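Protein chains in written order, with the working numbering: chain A, 1214 to 1327; chain B, 2 to 110. Below you'll find the structure, written out as structure tokens, and then a few comments.
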């Protein structure tokens, strides 16, 4: 099976712009989660979608939003970009196994805000 | 969310066993113990998980204390490719991993 894919892999934007990142989960996985990774804050949970509905949400401002489509593909949008939004954005799709979710991560999208 | 405590860093020699500890004294009865690792320049990778009993898979073993307040990830023979940051995470609902700082494992040849 193909792994989780994320596009684009690298992105450069300027302050005030908006950006949309895309994630294609592993075939058959219905849950998609997003994470932000920065050197200062580490890995932080953004949100999770399951069957097109947001199921969990982290502590990020409303500028960060997402959605999931009927084919389980997901997009994440960040509006009014700030310098601090520069980070590696990781997507993970989940498989229910052994009584709990196991997450499979993509390679990430490296966003640089200038 | 229950928290975990791990040493910031550990060193190992190649081909020797490595025991990575994790304390989770506030674990609840429904929390699963998960371990992920992140190799340099890659996304995190699932390693193993368990609830109460010790678990083995092709990558590692997970030893869980009887009171479940601590666990240990065991790599039976460390290789240079095992150098990574290892995260111990408690999960009681799907889709939400709360990562701590993890343990940075270095492996010496």
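For glycine and all other residues, C-beta sits at the position ideal for the given N, C-alpha and C. Computed from a prediction, not measured in an experiment: that's the story for all the values here.
By the rule that beta-carbons nearer than 9 Å mark a contact, residue 1315/A touches chain B. Distance check between residue 1251/A and each of 1307/A, 1269/A, 1303/A places 1303/A closest, using alpha-carbon atoms only. Residue 45/B belongs to the set of residues whose beta carbon lies under 9 Å from a beta carbon in chain A. For residue 81/B, the secondary structure class from DSSP, reduced to helix, strand or coil, is helix. The beta carbon of residue 1295/A sits closer than 7 Å to the beta carbons of 1228, 1326 from its chain, once the five residues preceding and following it are set aside; these are given in chain order. Neighbours of residue 1320/A in chain B, taken as residues at a C-beta separation under 8 Å, are given in chain order as 43, 44. Within chain A, 1311, 1313, 1315 have C-beta atoms less than 8 Å from the C-beta of residue 50/B, given in sequence order.
Closer than 9 Å to the CB of residue 92/B there is at least one CB belonging to chain A. Residue 1245/A and residue 46/B have their C-alpha atoms spaced approximately 15 Å apart. Here residue 1255/A carries a strand assignment [DSSP, helix/strand/coil]. Only 1244, 1246, 1255 from the region 1228-1255 of chain A bring a Cβ to less than 7 Å from some Cβ of chain B.
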